[in-house]
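Note that this note's numbering has the sequence shown beginning at 1034, numbered continuously upward. Worksheet: the structure to be examined is printed underneath.
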Amino acid sequence: MVFSLFFLTFTYYRGQEVALFAQSQKALSQYCGIINTVLLLTSSWFVANALNAARAGAGRRAQRLFSLAGLCGLGFVVVKVIEYSGKIDAGITLTTNDFFMFYFMFTGIHLVHVLIGLAVLSYAYHRAGREVLRPGDLSALECCAIFWHLVDFLWIVLFAIFYLMK
């Protein structure tokens, strides 16, 4: 619900300043946005396969897949830091205009969720490594996967509104 309000607020302000938002959007690197989208979609694929491996009793395989998902998540963080650094070096900050206020706030909140998600994936990695997985273990892994997929889904929406919406 909170994210829906964020997106509706962004859409409202964008409607008030279409030219400013369109011009500001041109300062974003679609290349970075696409790389981050691919990284998170790939990480979600790894998480889904890790969950399937855990259900099949292949704990070591599940751990490898959770690790690969985490590496993709770390890649996302690196790309986002590079992108933020480029904007700040160019003098573009949270106070530049409404577009960049929304951009830094929403993608920053998302970045915090990615960092939390990396901790969740670390937990899943350790939980999947147990000799014998109990039903509670599988439920915990499913909750971890749901959180990571939510983070991924939110990025897809952010990517669309910041990088693609005309």
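Glycine is no exception: its CB is placed at the ideal position from the N, C-alpha and C atoms.
At the level of alpha carbons, what is the spacing between M1138 and E1164? 42 Å
Apart from the five residues on each side of it in sequence, which residues of its chain come closer than 7 Å, Cβ to Cβ, to T1075? Answer for T1075: C1105, listed in chain order.
With distances taken Cα to Cα, identify the nearest neighbour of A1193 among V1110, V1153, T1140, I1121. T1140
Using CA atoms only, rank isn't needed, just tell me which of P1168, L1183, G1090 is closest to V1153. L1183
Leaving aside the five residues before and after G1092 along the sequence, list all residues of the same chain whose C-beta is less than 7 Å from its C-beta, in chain order. Cβ within range, chain order: A1161, G1162, R1163, L1166.
Should F1280 and L1073 be called a contact, given that it needs their Cβ atoms to be closer than 7 Å? One cannot answer for residue 1280 here, as it falls past the ends of the chain, which runs 1034 to 1199.
S1077 and D1185: beta carbons closer than 7 Å? yes
How should Q1063 be labelled, buried or exposed, when 16 other C-beta atoms within 10 angstroms of its C-beta is the threshold for buried? exposed
Which runs of the alpha helix (DSSP H) at least 4 residues long sit entirely within the stretch 1112–1162? Give them in chain order. 1131–1161
Minimum C-alpha distance to V1190 - residue among Q1056, T1070, F1054: T1070
Any alpha helix (DSSP H) of 4 or more consecutive residues that is wholly inside the stretch 1041–1102: 1051–1058, 1063–1088
Judging by CA-CA distance, which residue of L1041, K1113, V1111, F1180 is the nearest neighbour of S1155? F1180
If you draw a straight line from the alpha carbon of A1173 to that of R1094, how long is it in whole angstroms? 17 Å
Which residue wins for smallest C-alpha separation from S1037, given the options A1060, V1112, L1187? L1187
Out of C1065, L1101, V1114, I1067, which one is the CA nearest neighbour of A1006? In the structure as shown, the chain starts at 1034 and stops at 1199, and residue 1006 therefore has no counterpart that could be examined.
Just to confirm, are L1107 and F1079 a CB contact at a threshold of 7 Å? no
Using the rule of at least 16 other Cβ atoms within 10 Å of the residue's Cβ for burial, across every protein chain shown, is C1177 buried or exposed? buried
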